[in-house]
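Numbering (UniProt numbering), first residue to last: 1 to 841. Beta carbons are placed, not taken as given, at the ideal position from N, Cα and C, and that holds for glycine. To start, the structure under review is shown below, and the notes come after it.
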């Protein structure tokens with residue numbers, strides 16, 4: 001009689017583990033799990049494995065489990081402890097501020113965030129204990145493509161792949177280490193599996209069916225996409241006729257449902273259908289996840305829903321129809337909202353050592369909550385547990401929860417197809433969000449609803465039918481050389497050195513993984529970069545010889561990287577003829593590259609090489625010029641560098657006005673720190689980069705600009721690498737974004753605008769007209785701040801003349817537009833990926 005391979009007991013699992021899963025009602029593998037485990041070499045030969053499945057489908061060697069977010073590690077540790085507690089296995093979390101006593105030595109399995117795992121691997125290599133690790137599991141392996149943190153995951157895996165294929169010593173032999181990666185479905189999973197020398201298994205099996213919907217106005221449109229041909233079906237309604245596409249995608253219409261606004265009176269002018277459906281879901285005894293683009297919208301949405309639940313449940317309110325009467329009865333039912341459980345969870349929140357948010361307490365009283373990165377760990381943990389056990393029914397959250405926290409949600413609602421910056425949501429994030437609906441063992445069906453306005457319908461269609469993009473390495477950026485054109489038959493490409501590659505090379509030099517220049521080349525060959533299709537890395541479809549172009553790129557990379565590390569004083573080059581017994585030496589030709597204490601400190605701290613060099617220079621300045629006249633210098637010195645990237649842009653004109661009111665001590669400290677406010681920032685069109693470039697060229701104040709010709713300004717600006725990105729064939733045609741006018745303009749247009757504004761401001765200050773006798777004087781003049789105010793007042797008058805319904809319909813669009821304007825970042829300034837700007841209402 002053949003053995004039933006789907007039975008857990010036939011796979012040699014420990015009896016205690018079998019008993020645990022038995023109590024959970026799990027006694028069999030799915031067919032796809034059996035197929036996966038039977039792939040050649042996976043079980044017997046520790047062959048690496050990458051597998052992809054839908055979201056709802058998991059002396060003694062130690063294991064490291066790598067997850068993307070702190071909140072997910074906490075949940076995973078709790079689950080694993082329940083599974084393995086009877087076996088005596090010690091499992092703990094290494095994430096955020098959590099570092100268990102005794103470290104990795106005291107645990108059998110470490111659940112880590114990406115950054116903690118990389119530091120752990122570095123330390124194990126330095127201590128020559130990396131061979132103690134037998135298994136590394138990477139969840140959300142596609143995070144390698146993340147532009148902010150993906151390179152750290154690539155560094156970690158590249159070091160392991162280098163050591164697996166090039167054992168450095170017996171105590172560094174990890175040839176038996178197994179890497180298991182779990183990923184969403186992406187087009188180039190084969191490239192990742194090839195890089196990791198892994199077997200690849202892909203399944204589209206989903207144990208809980210998912211119904212996908214779009215909500216336009218009050219119309220609910222059901223979506224179904226054919227897997228072979230993107231055939232998207234929506235219900236027939238006037239507002240979505242524009243979804244008919246003349247391209248390859250055929251869109252059919254099938255009847256669905258229309259929300260009757262007269263059926264339930266809500267205290268809201270915005271998001272009526274969403275709030276209606278959330279309360280309806282609550283009355284049915286199910287839970288709802290609502291994804292919002294910003295923290296402020298999370299909180300305001302939770303308050304709005306809680307306020308309407310309170311209003312419906314009031315005894316003084318007389319139900320207007322059977323539906324409202326049904327909602328009221330269900331809200332008062334202890335099975336829907338348990339008063340005792342809600343009081344208990346609020347008491348837990350109040351006992352938090354770091355305090356609690358009173359707004360969170362208020363919405364919790366009605367079974368609602370919000371969840372975002374601005375909350376404390378205790379608050380988020382309390383909210384997650386309350387939602388998981390059904391005490392809280394409606395949770396408004398940002399995208400953090402979309403990345404793997406297993407929370408029970410029958411329905412997932414997404415407030416808009418656009419993100420906080422008014423850009424289309426990344427298709428990967430969208431798939432993660434809707435994947436939260438209908439988790440196995442909790443629901444029999446999952447439903448997702450994407451809400452949009454009439455004008456965003458096409459954006460919604462693009463999002464739903466879009467395919468996941470191939471992911472690429474973030475270790476290196478490659479661009480076309482300025483000296484070549486796209487039409488050239490021998491187009492050349494050049495690397496752009498960034499912090500990611502600097503750190504990649506500095507790490508392996510510091511922990512002695514490489515001994516000479518050839519070893520560095522071999523190590524770089526173990527990165528995902530060299531396993532990515534070059535046209536993907538270059539943004540080009542040209543088919544060039546991979547070996548030749550890679551050799552050129554790698555050689556150029558090494559030259560630029562080592563020069564930069566030497567400039568930063570992270571390494572110094574020593575002649576081979578000199579005697580040196582330093583263990584941190586790496587031979588390069590006839591020279592040795594020695595890691596300095598500063599370089600090792602940067603690696604140990606986890607900061608980027610650029611930030612590390614900046615911090616070091618600031619500390620040197622503080623050591624010789626520390627100013628204790630007040631707390632400002634100490635506050636500046638102790639503020640983490642990464643905080644800068646979480647703050648909105650500075651309004652330099654406002655800052656200049658504030659500086660004029662500083663006392664003498666504050667001005668002295670500002671001068672000591674190096675703040676040199678430039679008079680030029682008073683011009684409305686000016687940002688900090690433009691002002692600094694003109695200042696470097698000798699134009700130190702506004703009066704120095706008024707007699708210039710536009711060509712002189714152009715010559716001063718086109719040489720700026722900050723303003724004109726590399727790769728522009730004609731710098732004069734490069735366009736610069738100006739947040740003050742919310743437009744991009746050419747250098748020529750900007751030059752004329754600078755002169756006009758300088759002249760206008762000068763005339764305004766002296767109180768008389770000046771004759772300049774040039775072509776600019778007879779041309780169009782720049783709008784003064786007063787004229788801009790007059791224009792705004794005219795718009796306000798026009799708005800007040802509109803009907804209340806028109807103003808209500810326009811409020812959502814204007815809210816997004818205003819948010820987008822506030823979020824615009826000058827092209828000359830560093831990007832700020834995680835800034836969230838409040839959306840009113």
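Whole angstroms is fine: what's the gap from residue 279's alpha carbon to residue 327's?
Annotation: residue 279 to residue 327 spans about 8 Å, alpha carbon to alpha carbon.
For residue 36, the first and last residue of its enclosing alpha helix (DSSP H): Segment 31 to 37, the alpha helix (DSSP H) holding residue 36.
Q | Proximity of residue 267 and residue 300 at Cβ, strictly below 8 Å | A | Not closer than 8 Å, so no.
Relative to the alpha-carbon of residue 505, which residue among 219, 566 and 552 has its alpha-carbon at the smallest distance?
Measuring from the Cα of residue 505, the nearest candidate turns out to be 566.
(request) Provide the residue span of the beta strand (DSSP E) that contains residue 313, from first to last. (result) Not the beta strand (DSSP E): residue 313 falls in the alpha helix (DSSP H), residues 295 to 313.
### Query
Quick one: is residue 3 buried, meaning 16 or more other Cβ sit within 10 Å of its Cβ, or exposed?
Residue 3 is exposed by the Cβ-count criterion.
Measure the C-alpha to C-alpha separation of residue 296 and residue 366 and round it to an integer number of angstroms. Straight-line Cα distance between these residues: approximately 19 Å.
* Is the beta carbon of residue 294 sitting closer than 8 Å to the one on residue 288? -> Result no, Cβ atoms of residue 294 and residue 288 do not sit closer than 8 Å.
7 Å CB neighbourhood of residue 374 in its chain, flanking five on each side removed | For residue 374, where only same-chain residues beyond five positions count, the Cβ hits under 7 Å are 295.
- Among all the DSSP beta bridges, which residues are the ones paired with residue 413? In the DSSP output, where bridge partners are listed per residue, residue 413 has 290 and 449.
| task | For the stretch 199 to 216 and the stretch 164 to 178, state whether three or more C-beta atom pairs, one from each stretch, are separated by less than 8 Å. | result | Touching, no.
For residue 596, which option in 507, 465 and 199 has the closest C-alpha, if you only look at C-alpha atoms? Selected option, being the one with the closest Cα: 507.
- Query: Going by C-alpha distance, which of 767, 271, 748 and 685 is nearest residue 716?
  - Reply: Residue 748 is the option with its Cα nearest to residue 716.
Item to check | Whole alpha helix (DSSP H) elements within the UniProt domain "Helicase ATP-binding" (47 to 204), 4-residue minimum | outcome: You should have 70 to 84, 114 to 126, 150 to 165 and 189 to 195.
Host beta strand (DSSP E) of residue 214 (start-end): First-last of the beta strand (DSSP E) with residue 214: 210 to 216.
Open item on the list: Just verifying my parser: in three-state terms, what is the DSSP assignment at residue 13?
Closed with: Here residue 13 sits in coil by DSSP.
Can you say whether residue 658 is buried or exposed, counting buried as having 16 or more other CB atoms within 10 angstroms of its CB?
Classification for residue 658: exposed.
message = Please report the straight-line C-alpha distance between residue 683 and residue 754, rounded to a whole angstrom.
response = The straight-line gap from Cα to Cα measures roughly 7 Å.
Residue 570 (DSSP reduced to helix, strand or coil): DSSP places residue 570 outside both helix and strand once states are collapsed to three, so it counts as coil.
Would you kindly report the start and end of the unbroken beta strand (DSSP E) that includes residue 369? Run containing residue 369: 368 to 371, per the beta strand (DSSP E) assignment.
**Prompt:** Buried or exposed: where does residue 92 fall if 16 or more other Cβ atoms within 10 Å of its Cβ makes it buried?
**Reply:** Buried: at least 16 other Cβ atoms inside 10 Å.
| residue 68 versus residue 189: straight-line alpha-carbon distance, rounded | Rounded to the nearest angstrom, the two C-alpha atoms are 19 Å apart.
Checklist entry - When the distance is taken between beta carbons, is residue 122 closer than 8 Å to residue 520? => result No; because the gap between Cβ atoms is not below 8 Å, this pair is not in contact.
Problem - Outcome for residue 675 when other beta-carbon atoms lying within 10 angstroms are tallied against a minimum of 16 - result: The residue in question, residue 675, is exposed, as its Cβ has fewer than 16 Cβ neighbours within 10 Å.
- Query: In angstroms, rounded to a whole number, what distance separates the CA positions of residue 234 and residue 465?
  - Reply: With a pLDDT of only 49 at residue 234, under the threshold of 50, the placement of this residue in the model should not be trusted; the figure read from the coordinates follows. When rounded, the separation of the alpha-carbon atoms in residue 234 and residue 465 is 13 Å.
State the Cα-Cα distance for the pair residue 388 and residue 555, rounded to the nearest angstrom.
Here the alpha carbons of residue 555 and residue 388 stand approximately 53 Å from one another.
Would you list the residues sitting across from residue 745 in a DSSP beta bridge? Answer is 736, bridged to residue 745.
Quick one: using the 10 Å Cβ neighbour count with 16 as the cut-off for buried, is residue 513 buried or exposed? Flag for residue 513 reads buried.
>> Give me the residue from 141, 357, 709 and 396 with the minimum Cα distance to residue 66.
In response: That would be 141, whose Cα lies nearest to the Cα of residue 66.
- Message: Measuring only the C-alpha atoms, how far is residue 133 from residue 199?
- Response: Near 20 Å, if we compare the C-alpha coordinates of residue 199 and residue 133.
Quick one: Cα of residue 354 to Cα of residue 380, how far? When rounded, the distance between both Cα atoms is 12 Å.
### Query
Given a threshold of 16 other Cβ atoms within 10 Å of its Cβ, counted over all protein chains shown, does residue 26 qualify as buried or as exposed?
By the neighbour-count definition (other C-beta atoms within 10 Å, threshold 16), residue 26 is an exposed residue.
Just to confirm, is the Cβ distance from residue 632 to residue 669 under 8 Å? Taking 8 Å as the Cβ cut-off, residue 632 and residue 669 qualify as a contacting pair.
_Contact between the stretch 412 to 430 and the stretch 455 to 469 (3+ Cβ pairs under 8 Å)_ = The stretch 455 to 469 and the stretch 412 to 430 touch, with three or more beta-carbon pairs separated by less than 8 Å.
Give me the residue from 417, 438, 434 and 446 with the minimum Cα distance to residue 455.
For the residues 417, 438, 434 and 446, the minimum Cα distance to residue 455 belongs to 417.
- Message: Taking 8 Å as the limit between beta carbons, can you name the residues of its chain near residue 489, skipping five residues before and five after?
- Response: Here residue 489 scores only 39 on pLDDT, less than 50, and its place in the model should not be relied on; the value that follows carries that caveat. Answer for residue 489: no residue qualifies.
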